[in-house]
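**Q**
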Amino acid sequence: MGILMDDNIHAPTVTSGPSTDGGPPRDLAKLTIVELMQEKQRIEDELSALSSVLSSHGVNMNSTLTTFDGFPRDDIDVAQVRSTRVQIIRLRNDHKDVMRFIDSAIQDHFANTRRAQDTSTANGIPGSGSDLGGNPPPAGSAGPPFARVNSVVSASPADQAGLKAGDTIRSFGSVNWLNHERLTKVAQTVQQNEGRPLIVSVSRKSDSDPSRISELQLELVPRQNWGGRGLLGCHLVPL
């Protein structure tokens, strides 16, 4: 004989307190912008994996877990579904917290940029905003790096633009640390701009003194038929 289940089987109970993944909770206030973005991506990856667990059972967050007469369904693992729902609720709350800190960090970043521009203008140095000709801002205002150049093929478009292995990418056309989406936006930008120049802002460590970092803006033209695979001839990895 089956066991009649309480109606609350559909509503997972989430205990109070910060959620963790087995380690100590992270103090979001102490994380850098880049670390906050990485934490956001980690949570989104976990949410995607957990959603796949629900999908494998053919249910979602609102699907009923009992039969019409109140007994637990025997076609799914009810315990796993409930546990998965609890984890999703916790991660959604974590995601809201991370996004709140990211929003604050973004505001601080642009406020600092504006202050730096005001200081430069007061000292007689032209501001760093884009001019009417559409020139991009200096590399220093492009935000933190979001990708690293892992390798560059000789004579490729990337090589001809001046990219070198070890360079870190701060902006790639209109793509930056805020919107690159694990570099998928970089790939889209390359495809959409074949044969057209893209401005790539990079940071490069000195070979003789790694503590010295140069900020460069390179003009990269994605193209085919350069003698190798792809439109760039380089391998980028997310940071």
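Mapping of the sequence shown onto numbering that gives the first Met the number 0: position 69 corresponds to residue 68, and the numbering continues sequentially without gaps. All C-beta atoms in this analysis are idealised placements derived from N, C-alpha and C, irrespective of residue type, glycine included.
(1) Whole angstroms are fine: how far does the CA of Leu238 sit from the CA of Asp206?
(2) If you reduce the DSSP assignment to three classes, tell me which class Ile42 lands in.
(3) Looking at Arg203: is its Cβ nearer than 8 Å to the Cβ of Ile212?
(4) Check whether the Cβ atoms of Val33 and Trp225 lie closer than 8 Å to each other.
(5) What whole-angstrom Cβ distance do Leu235 and Glu193 have, given they're in contact under 8 Å?
(6) Classify Thr188 as helix, strand or coil using the three-state DSSP reduction.
(7) Along the chain, where does the alpha helix (DSSP H) containing Pro156 start, and where does it finish?
(8) Would Ala110 be called buried (16 or more neighbouring beta carbons within 10 Å of its own) or exposed?
(9) Beta strand (DSSP E) containing Ser202: first to last residue?
(10) Assign Pro209 to buried or exposed, taking buried as 16 or more other Cβ atoms, counted over all protein chains shown, within 10 Å of its Cβ.
(11) In or out: Asp93 buried (at least 16 other Cβ within 10 Å) or exposed?
(12) How should Ala138 be labelled, buried or exposed, when 16 other C-beta atoms within 10 angstroms of its C-beta is the threshold for buried?
(13) Within 8 Å, do at least three Cβ pairs link the stretch 84 to 99 to the stretch 29 to 45?
(14) Using the beta-carbon count (16 or more within 10 Å), is Pro293 buried or exposed?
(15) Do Val199 and Glu182 come within 8 Å of each other at the CB atom, strictly closer than that value?
(16) Got a sec? Which residues, its chain only, sit under 7 Å from Ala104 by beta carbon, not counting five neighbours each side?
(17) Please decide whether Asn178 counts as near chain C, where near means a Cβ-Cβ distance under 8 Å.
(18) Quick one: what's Ala146 bridged to in DSSP?
(19) Counting only the same chain and skipping the five closest in sequence on each side, list residues whose C-beta sits under 7 Å from that of Gln86.
(20) Which same chain residues, not among the five before or five after Arg72, have their C-beta less than 7 Å away from its C-beta?
(21) Would the beta-carbon of Ala186 fall within 8 Å of that of Ile168?
(22) Using the three-state DSSP reduction, which class does Thr83 fall into: helix, strand or coil?
(23) Considering only the alpha carbon of each residue, which of Gly172, Ser150, Gly69, Arg89 lies closest to Cys233?
(24) Check Pro35 in the structure and name its three-state DSSP category.
**A** This is what the structure holds:
(1) 21 Å
(2) helix
(3) yes
(4) no
(5) Between Glu193 and Leu235 the Cβ distance is about 17 Å, and since that is not below 8 Å, they are no contact.
(6) helix
(7) 156 to 160
(8) exposed
(9) 197 to 204
(10) exposed
(11) buried
(12) With a pLDDT of 43 at Ala138, under the threshold of 50, the predicted position of this residue should be treated as unreliable, and no value is reported.
(13) yes
(14) No statement about residue 293 is possible, as the shown extent of the chain runs from 0 to 238 and does not include it.
(15) Residue identity differs from the one stated: residue 182 is Leu in this sequence, not Glu. No, these two residues do not count as a Cβ contact at 8 Å.
(16) Ile32, Leu35
(17) Of the protein chains in the structure, only one exists, and it is not chain C.
(18) Ile168, Pro237
(19) Leu49
(20) Leu64, Thr65, Thr66
(21) no
(22) helix
(23) Ser150
(24) Note that residue 35 is Leu in the sequence shown, not Pro. Three-state DSSP puts Leu35 in a helix.
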